[in-house]
Every structure is written in structure tokens, then in C-alpha cells.
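A.B. asks:
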Amino acid sequence: MRFLVYVCLTLILNFTFAQGSLKFEKETHDFGEIKEEAGYAEFTFSFVNTSEQPVKITNVRASCGCTTPGWTKEAVMPGDSGFIKARYNPRNRPGNFRKSLTISASPSTGNKTLYIKGYVKPKPKSVLEELPVSAGDLRLKFRSLNMGRMTTEKAITKDFDVYNNGKDSLRLQYNVMEVPTHITLTMEPELLGPGQQGVLKLTYDPVKKNDLGFISDNFTLQTDTAITVKNEFNVLTTIEEFFPEMTPADFDSAPKLLIAERVFDFGQVKEGEVVETEFTLSNEGKKKLNFRKIKSNCSCVTYEIKSQNMKRGKSQVLKVLFDTSGRKGNQYKTVTIFSNDPSAPTQMVTIKGKVTKTEDSK
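Numbering-wise, the sequence shown is residues 165 to 526 according to the working numbering.
#1: Just to confirm the assignment, what range does the beta strand (DSSP E) spanning residue 233 have?
#2: How many Å lie between residue 502 and residue 425 at the Cα?
#3: I'd like to know whether the C-beta atoms of residue 282 and residue 221 end up nearer to each other than 8 angstroms.
#4: Under a three-way DSSP split, which group does residue 451 fall into?
#5: Which term fits residue 326, buried or exposed, when burial requires 16 or more other beta carbons within 10 angstroms of its beta carbon?
#6: Can you tell which of 514, 451, 383 and 244 has the C-alpha that lies nearest to the C-alpha of residue 442?
#7: Only counting the same chain, and skipping five residues up and downstream in sequence, which positions put a Cβ closer than 6 angstroms to that of residue 193?
#8: Going by alpha carbons, who is nearest to residue 517 out of 487, 508, 505 and 504?
#9: Which one or two residues does DSSP pair with residue 517 in a beta bridge?
#10: Restricting to Cα atoms, I'd like to know which of 361, 195 and 475 is closest to residue 455.
#11: Nearest by alpha-carbon distance to residue 258: which of 302, 433, 288 and 277 is it?
#12: Could you tell me the distance, in whole angstroms, from the CA atom of residue 431 to the CA atom of residue 324?
#13: Quick one: is residue 452 buried, meaning 16 or more other Cβ sit within 10 Å of its Cβ, or exposed?
#14: Is it buried or exposed, residue 338, if we count other Cβ atoms within 10 angstroms and call 16 or more buried?
#15: Taking all protein chains shown into account, decide if residue 355 is buried (16 or more other Cβ within 10 angstroms of its Cβ) or exposed.
#16: Under three-state DSSP, which class holds residue 487?
#17: Just checking, does the stretch 211-220 make contact with the stretch 301-313 on the three C-beta pairs under 8 angstroms criterion?
#18: Which partner residues of residue 503 appear in the DSSP bridge assignment?
#19: With a 10 Å radius around its C-beta and 16 neighbouring C-beta atoms as the bar for buried, classify residue 413 as buried or exposed.
#20: Would residue 328 and residue 357 qualify as a contact pair, given that the criterion is a beta-carbon distance under 8 angstroms?
#21: Alpha carbon to alpha carbon, how far is residue 291 from residue 315?
#22: Three-state secondary structure (DSSP) at residue 413?
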């Protein structure tokens with residue numbers, strides 16, 4: 165019994181003596197700004213064993229695979245020094261960073277964590293890295309050209325960087341390019357020399373497009389150096405109706421679309437079933453409400469509505485049908501309603517639930 169008490173007291177004393185026994189010169193190191201292409205950044209944290217017994221570092225755990233730790237492997241005697249080394253790899257990690265190294269020792273030195281931090285300056289990219297997409301010798305940044313949001317007020321022009329990676333000058337071949345009538349493409353300069361950068365100017369006319377909501381248009385981009393190659397691209401945009409500035413009185417007398425319940429949860433159904441629900445649409449404004457367009461986010465969702473117009477104070481139902489054939493798992497389908505309500509011209513209803521396999525499809 166006395167022996168057990170002695171052992172317990174010894175362990176307690178050893179643990180107590182070891183608490184805080186490693187005294188570091190600093191516990192956080194700021195590298196400041198380092199270059200991504202410069203390779204590893206290293207720093208060594210020095211410590212002194214201030215306890216009355218040897219301390220051995222058993223492990224140093226880094227918070228990220230980008231940081232490789234090293235440490236004094238042999239036991240550090242009382243009064244002697246040791247080190248913890250942090251080696252940080254900045255490759256593909258631009259921006260600010262803060263990483264930790266958690267130390268384990270025998271006997272325990274209590275919780276001790278060191279930190280490294282800094283800012284990685286991104287490696288400058290070459291022209292070919294910045295513009296990785298090819299259309300023959302012509303290079304662009306993306307195959308999808310995003311025009312962002314626009315309204316039906318007017319056409320919008322946006323520039324996209326291009327680069328001639330070939331040995332000969334090139335120009336666009338408009339006579340063989342397949343481009344929708346509401347999109348106009350030009351290149352500046354018109355003749356792009358070898359190794360020269362320019363811009364592809366894309367003009368999008370939403371009035372000619374005559375559509376609303378999210379839209380994707382396809383086109384081909386041909387040059388005289390690769391005229392036989394069909395280089396397919398697409399243009400992305402979201403078109404909203406333009407409303408001129410209104411006086412408070414005009415705004416107060418405008419139509420106003422109200423949707424009582426916007427979400428229908430059909431729970432769980434078998435694949436192949438058709439889910440049907442209705443949403444009540446009301447005109448709470450003072451003028452006639454007109455539905456400009458109604459669009460679903462899936463061909464599996466259709467809708468029925470009796471009239472494209474609603475007088476003030478009137479209501480009607482929007483019937484939505486979801487064909488679950490070929491669908492499995494959690495489903496989230498939407499129908500977007502575009503109207504002449506200036507306060508909320510774009511509104512959405514949702515049907516959701518889970519489609520399970522039928523016995524035959526297992």
C-alpha cells in the first residue's frame with residue numbers, strides 16, 4: 165500500500181514539475197510576405213528545459229499538411245536547449261495563412277502550441293496560364309463567357325482577354341462562325357499578331373433575345389489559322405426586366421404579386437409518379453398584373469396557368485407538375501415567375517421531397 169502511494173506521489177510530482185518546463189523564446193513567428201515561387205519557408209523555435217528532469221519531445225503535430233515539423237530527438241537535460249522547426253510550403257497557397265504546431269512531450273509539459281503565420285504573394289502567371297482555353301491559336305481564359313446580370317434597358321458590351329499563341333497573325337472568320345443574332349463579336353485589334361494580346365468584345369442585346377432569367381447561349385469562334393476546327397463556347401447571363409424610375413405615387417399604384425405559400429414538400433414518392441400541386445397567385449396592387457414569363461429549372465417540371473393577366477384584387481392558381489421518372493433521391497425543383505410587379509419582378513416557388521426506387525428499378 166505504501167509503495168502504491170509512493171508511486172502515485174512520484175507521478176504527481178513529476179507531472180507538476182514538468183508543467184511549463186519548456187520555455188520558448190517566442191511562440192508565434194510571422195514570416196511576413198513570402199513569394200509562392202520562392203519555395204519552403206523555415207523557422208526554428210528555440211526552447212530551454214527549465215524543469216529539474218530530462219524532457220523528451222515525442223511528437224509535433226502540424227495543423228496542415230503544408231507544414232512539416234522537426235524537433236530535437238534526444239532528451240533535453242535540465243538547463244539545456246532544444247528546438248522545434250516549422251517548414252512551410254507556400255505552393256498553391258496564396259494569401260494569408262496561420263498554422264499551428266502542437267507539442268507532445270514525456271513527461272507531459274502541458275498544452276503547448278506554436279504558431280506560424282504570414283502572407284503568400286501569388287506566383288505571377290504566364291499568359292498561357294492566364295488564358296488556358298484554346299480556339300486554334302487563339303487563347304482565352306474561359307470557355308464560358310459570363311456577362312453577369314443585365315436588364316432589358318439596353319445592350320451590354322464586355323471585353324474578354326485573348327492571346328495569339330501561334331506563329332502567324334490571325335483574325336476572326338465571321339462568315340463561318342455560328343453566333344446568335346442577339347450577340348455580336350469583334351476582336352481588337354482586328355488582326356492579332358503572333359504573341360500579341362487583345363480583347364474579344366462581346367455585345368449582348370437582351371431586347372433581341374426577348375427572354376428573362378438565367379440564359380446560356382452557344383456560339384462558335386473560328387480564326388483563319390484554324391478555320392476547319394469548330395471551337396464551341398457559350399455565353400452566360402441573367403436578364404431582368406428594366407423598370408424606369410417611378411414616383412412614390414406610381415409605385416403605390418403599380419401591380420403587386422403575392423404568393424401565399426411558396427414551398428410545397430411532397431414528402432416521399434416512388435420513382436415514376438407525377439407530383440402535382442397548386443400555388444395561389446394574387447394581385448394585391450392597383451393595376452393589372454401581367455406574367456411576362458414562367459420558367460422551370462428542369463424539363464421534368466411543367467406548369468399550367470389560366471391567364472397571363474390578373475386584374476387588381478383577383479387570384480388564380482399556378483398548377484405545377486413534377487414527373488419523377490428517372491429521378492432518385494432528394495429533389496429540389498423551382499418555377500420562376502417574371503411579372504410587371506416593379507417591387508418584385510422575379511419570384512419563385514419550390515417543390516421538394518424524396519424520390520425512392522420502385523421495386524422494378526432496384
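All residues carry an ideal CB built from backbone N, CA and C; glycine is no exception.
C.D. replies: This is what the structure holds:
#1: 231-235
#2: 17 angstroms
#3: no
#4: coil
#5: buried
#6: 514
#7: 207 and 280
#8: 487
#9: 495
#10: 475
#11: 288
#12: 46 angstroms
#13: exposed
#14: exposed
#15: exposed
#16: strand
#17: no
#18: 455
#19: exposed
#20: yes
#21: 33 angstroms
#22: helix
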